[in-house]
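In this note's numbering, each residue's number is its place in the sequence shown (first place is 1) plus 36.
Cβ coordinates follow ideal geometry from the N, Cα and C atoms, glycine included.
Computed from a prediction, not measured in an experiment: that's the story for all the values here.
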Amino acid sequence: MAHQSLLDPKALELLRMLDRDRPGAFSEFVRMFVHEAPDLVRKMEHAQVAGDADGLGKAAHYLRSAALAMGATDLVAVCQELEHLANDELMDEATNARFVELRRRTRDALILLLQEVPQI
């Protein structure tokens with residue numbers, strides 16, 4: 037299946053194990069990610085436009101950490117690239133291409149995670 041290459045099955049299994057001690061925990065974590073990820077992408081976009089590399093880095097770090105927990109390894113990679121940009125790199129073509137990739141990978145991760153928990 038395509039989603040196995042985009043979502044780390046081991047990370048998903050670890051999250052599902054939380055349901056043993058606290059039923060519904062997996063769904064709750066996915067729900068939080070689905071709600072927070074788009075807001076973090078918007079914060080990153082606003083920081084880029086404002087020339088705020090520090091703000092971009094903080095939002096990218098938070099999204100990277102959450103994506104790592106969800107097993108969204110492709111999203112982790114692009115967040116890590118954006119996390120360490122300098123102010124003079126914020127508006128160059130390479131960064132703009134990373135933001136296109138960020139939006140695509142965020143969308144893909146959200147779709148795939150929602151498929152893992154259809155009752156959301």
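- DSSP places His-120 in no alpha helix (DSSP H); its state is neither H nor E.
- Around the Cβ of Gln-84, a 10 Å sphere holds 16 or more other Cβ atoms; the residue is buried.
- One thing to note: Ala-96 has its Cβ no nearer than 7 angstroms to the Cβ of Leu-111.
- Counting only runs of 3+ residues, no beta strand (DSSP E) is found wholly inside the region 68 to 108.
- Going by beta carbons, Asp-144 and Leu-42 fall inside the 7 angstroms limit.
- Residue range 45 to 57 is occupied by the alpha helix (DSSP H) that includes Leu-51.
- Of the residues Glu-125, Leu-138, Gly-93 and Ala-133, the one whose Cα lies closest to the Cα of Ala-113 is Leu-138.
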